[in-house]
């Protein structure tokens with residue numbers, strides 16, 4: 001994976017994270033189960049962490 005690929009994937013994940021956060025807030029506001037949304041945020045955070053290690 002090139003640095004460019006890594007940077008592009010990080011940008012994609014950041015946008016996905018924002019969308020997932022918004023979804024989580026909507027679920028919370030209507031009293032729905034947020035477990036799957038929280039798991040998705042955690043997975044995105046972990047992937048971002050791994051990609052940032054590769055970027056260095």
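Numbering (the numbering used here), first residue to last: 1 to 56. Idealized CB from N, CA, C, for every residue including glycine. Since the structure is predicted, the reported quantities are computational estimates derived from the model, not experimental observations.
Segment limits, alpha helix (DSSP H) that includes residue i
i          : result
residue 2  : Taken as a continuous stretch (DSSP letters only), residue 2 belongs to no alpha helix (DSSP H), as it is neither H nor E.
residue 52 : 35 to 55
Nearest to residue i (by Cα), restricted to the options the options
i          : options       : result
residue 39 : 17, 10, 29    : 17
residue 19 : 50, 44, 55    : 44
residue 34 : 42, 24, 41    : 24
residue 10 : 1, 54, 48, 27 : 48
For residue i, three-class secondary structure by DSSP
i           : result
residue 100 : Absent from the structure is residue 100, since the part of the chain shown begins at 1 and ends at 56.
Residue i beta carbon near the ligand ZN (any heavy atom closer than 7 Å)
i          : result
residue 53 : Absence of the ligand ZN from the depicted structure is noted, as is the absence of any ligand whatsoever, leaving it without description.
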